[in-house]
Amino acid sequence: EFGEPPRHHVFAGHGGGAGPPPAPHVVAALEERLGAEIEEAHVLLGQNQRLAATHVALVQEVSAVRHELGRTARGLAAAQEEGELRLREVYERSMKMEAELRAVEEMRAELAQVRLDIQKLGAARQELMGQVQGFTQDLARSAVDLQQVAALKAEIQEIRHETQHLRSGIEVEKKGYAESYEQGQEMQKKLISVASEVEKLRAEAEKRSRAAVSGGNQVYVGGYGNPKAAYAANPYNAGYNINQPHPQANTADSGSQFGPGSTHAPWGAYDMQRATGRR
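Counting with this note's numbering, you get residues 89 to 367 for the letters of the sequence shown.
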């Protein structure tokens with residue numbers, strides 16, 4: 089009526105039959121030990137539950153960390169790719185700038201060469217200007233010396249025109265100094281030719297003067313004393329050309345081609361003016 093009686097444990101080593109019941113202090117010790125083990129089992133169960141919760145939390149945290157690591161890895165990959173792109177852009181930009189710098193250096197060298205060429209052209213221009221100025225001065229002296237000869241005057245005007253054209257060409261075209269120099273040389277040749285022709289005319293006039301003096305030409309003496317009175321009757325204006333002398337100028341009897349009274353008076357006046365111009 090008080091329920092089931094307590095069961096007695098059968099211990100190994102005592103046979104299969106029912107033995108004598110254990111002592112009360114043994115039962116108390118066993119119950120105390122069993123209670124301690126049960127309490128310890130409860131403690132372990134609580135710890136196990138806490139460990140399980142911790143494990144779940146750790147698993148979730150590890151998963152979150154893995155997800156974060158994946159996202160970080162993807163971000164790092166994207167950042168690395170972007171960095172490589174930027175590095176490539178910087179490299180290409182640096183290569184382009186280096187090429188531009190090389191081009192600038194080449195342009196600087198070309199500019200220095202151009203400046204040197206301009207200086208050379210300026211020096212050549214100054215030299216040509218000096219030559220042209222000298223030619224102009226010679227031309228002015230020749231114009232003063234040859235102002236009594238109409239054909240020579242026309243030639244001098246032509247030479248002046250060519251000289252002015254040459255000077256304007258030098259001012260406008262810096263690179264045309266070679267052609268201008270050739271024109272100056274040609275002009276110098278023409279001046280030399282003109283001077284040679286003048287010297288020939290002067291020698292011929294002196295020759296004729298000496299021939300007239302040796303022949304006792306009194307009209308020549310009067311004309312020489314007054315060169316202006318005999319200047320209008322100069323027969324040499326039609327008999328001589330600047331580039332081609334008259335074929336009869338070198339003949340022995342050329343004195344008979346001109347009038348006895350007005351043959352040498354203009355050349356005497358011309359010689360006096362030539363001497364005055366050269367002083």
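For glycine and all other residues, C-beta sits at the position ideal for the given N, C-alpha and C.
7 Å Cβ cutoff, residue i in contact with chain D
i	result
residue 295	Of the protein chains in the structure, only one exists, and it is not chain D.
Residue i classed as buried or exposed, judged by whether at least 16 other C-beta atoms fall within 10 angstroms
i	result
residue 233	buried
residue 135	exposed
residue 296	buried
residue 244	buried
residue 275	buried
residue 133	exposed
residue 116	exposed
residue 289	buried
residue 258	buried
residue 172	exposed
residue 144	exposed
residue 336	With a pLDDT of 41 at residue 336, under the threshold of 50, the modelled position of that residue is not reliable, and the figure given next carries that caveat. Classification for residue 336: exposed.
residue 285	buried
residue 358	Its pLDDT being 42, under 50, residue 358 is placed unreliably in this model, and the value from its coordinates should be taken loosely. Per the 10 Å Cβ criterion, buried.
Option nearest residue i by Cα separation, candidates the options
i	options	result
residue 260	209, 195, 249 and 178	209
residue 227	246, 161 and 211	246
residue 248	269, 270 and 225	225
Inter-residue CB distance, residue i and residue j (contact presumed, cutoff 8 Å)
i	j	result
residue 303	residue 220	That pair is no contact at about 47 Å.
residue 230	residue 301	Residue 230 to residue 301, Cβ: 28 Å. No contact.
residue 223	residue 279	7 Å
Pairs of beta-carbons, one from the region 241 to 261 and one from the region 213 to 228, closer than 8 Å: are there three or more?
yes
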